[in-house]
Amino acid sequence: MCRFAVYRGKPITLKRLIFEPPHNFVEQSRQPREMIITPINVDGYGLAWYNLEVHPEPAVMTSEKPFWHDINVARIADKIISPTIFVHVRAASPGLLVHQANSHPFQWKNQIFMHNGIISDFKKGMMRAIRQQIADPFYSHLLGTTDSEHIFHLYLSIRQEQPSLTMAEAMLETIARLNTLAEKYGSDLILNMALTDGKTTVVTRYTSIEKSATLYYTQSSPMFPEAIVVASEPLDYRDPSWQTFPLNMMMVINEHHEFSMLPIPNPFLKDGHLPSARPVTLKISTPTEN
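Quick note on numbering: the sequence shown equals residues 3 to 292 in this note's numbering.
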C-alpha cells in the first residue's frame, strides 16, 4: 500500500503540507503507522499542484527514488504556493516495477489521479480486461504497468464515452466496472483514490474485502484553516479534528471548498459483511518482484 494526501483550500506552500506536520511525508515514507501490507513506502513519490492563474494544467513531479532521498523537493517546497496539492509516496504492489512511469500522480491534461490500494493478481487477470475498455487516445498514453494508471485511463475512457457524466458519476461507473471484472477474475479491490481537475476533487475509500486502506480527513484544522485535507494517515495524531473517512464512500469537494459524501454501491457486501482477502492480496512485495 501507499500513503497520500489531498489539500484543497486557502493557498499554502508545499512545505506546509509535506514537511511541517508532525506526521509528515518523510515520516509516512519511512515509518507509516497504519499500513496493512507493506511496512515502508520506498518505491517512489510524486507531487502535483495547480496555479490556475498561470496555467489550466497542474505541475507534476514524480520520481522512482525514496522520498527522503531526493533533496529537490525540500529546495522548492517553501517557494511554491497552491490551493490544490496532491502528494503520494509509493509502496509497489507485488510484480509491479519500481520506475518513474509507475509513480503517482498520473496526469491527463488538466486532470490528475492517484491511488492507494490494490487490484490483486492484476497482471494475471484484470490488466488485459481493463485495457480492452480503454479508448484512444488514452490507450497510447499508458506509460507504466500499474493497476492505478489503468484505473485512471478507464475513468478517462468513461468520461469520453459518456461526456454528460460528472466526475463523481464517472468515478462511480469506473468502480462499478472494476467490481464486475473483479468478480469475473477473482480479484480483490482496495480503492482509495483521489482525482481532480483543479476545481472539483473526488476522493474515495472503497474495498471489496474485509481489509481496507486507512483514510482520514479534516476540515479547517488549526494547522490547515480554511481547507479540507484528506490523508492516508493523520498529519498530526494530536489534532482531534481528524476524522475517519467512512468506508465505501466518496467525498466530492467543489471549487468553493465545500464537500459532500456519496455512498459507493458495493455488491460484495452481503448481510453487512465483506469476504476475507485472498492470500495473494496480503502478500508483501519483495525486491526481486519489483
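Where a beta carbon is used, it is the ideal one built from N, C-alpha and C, also for glycine.
At which residue ranges does the segment 121 to 197 contain complete alpha helix (DSSP H) runs of 4 or more residues, listed in the order of the chain?
The segment 121 to 197 contains these whole alpha helix (DSSP H) runs: 128 to 133, 149 to 163, 169 to 187.
Closest by CA to Tyr89, which one among Asn26, Ile160, Ile121?
Inspection of the sequence shows that residue 89 is occupied by Val rather than by Tyr. With distances taken between Cα atoms, Val89 lies closest to Asn26.
Alpha carbons only, please: which of Ala215, Gly200, Ile192, Ala184 is nearest the one belonging to Gln113?
Nearest option by C-alpha distance: Gly200.
With respect to the alpha helix (DSSP H) encompassing Leu19, which residues constitute its N-terminal and C-terminal limits?
That run of the alpha helix (DSSP H) goes 16 to 20.
Taking C-alpha atoms, which residue in Pro85, Trp70, Met116, Arg133 lies nearest to Ser31?
With distances taken between Cα atoms, Ser31 lies closest to Trp70.
Note down, in chain order, each residue of its chain lying with its Cβ closer than 6 Å to the Cβ of Pro34, except the 5 sequence neighbours on either side.
Once the five neighbours on either side are set aside, the close Cβ partners of Pro34 are Arg5.
Span of the alpha helix (DSSP H) holding Val231?
Where Val231 is concerned, there is no enclosing alpha helix (DSSP H), although the beta strand (DSSP E) it sits in stretches over 229 to 233.
Which same chain residues, not among the five before or five after Pro236, have their C-beta less than 8 Å away from its C-beta?
Counting only Cβ-Cβ distances below 8 Å, and skipping sequence neighbours, we find His25, Tyr218, Thr220, Trp244.
Can you list, in chain order, the residues of its chain with a C-beta nearer than 8 Å to that of Pro289? Leave out the 5 residues immediately preceding and following it.
Because the pLDDT of Pro289 is 35, which lies under 50, any placement of that residue in the model is unreliable, and the question is left without a value.
In the DSSP output, what is Leu271 paired with across the bridge?
Leu271 is not bridged to any residue.
If I measure Cβ to Cβ from Gln162 and keep anything under 6 Å in the same chain, skipping five residues before and after, which residues do I get?
So the qualifying residues of the chain are Ala137.
Are Ser210 and Ala184 touching if we call contact CB-CB under 8 Å?
Going by C-beta atoms, Ser210 is nearer than 8 Å to Ala184.
CA-CA distance, Val205 and Phe115?
Computed Cα separation, rounded: 10 Å.
With C-beta atoms as the reference, is Glu66 less than 8 Å away from Phe108?
No, the pair does not count as a contact, with Cβ atoms beyond the cut-off.
Pick helix, strand or coil for Ser210, following the three-state DSSP scheme.
If DSSP states are grouped into helix, strand and coil, Ser210 belongs with coil.
Between Arg18 and the rest of its own chain, which residues show a CB-CB distance below 6 Å, the 5 nearest in sequence each way excluded?
Within the same chain, Arg18 has no close Cβ partners at all.
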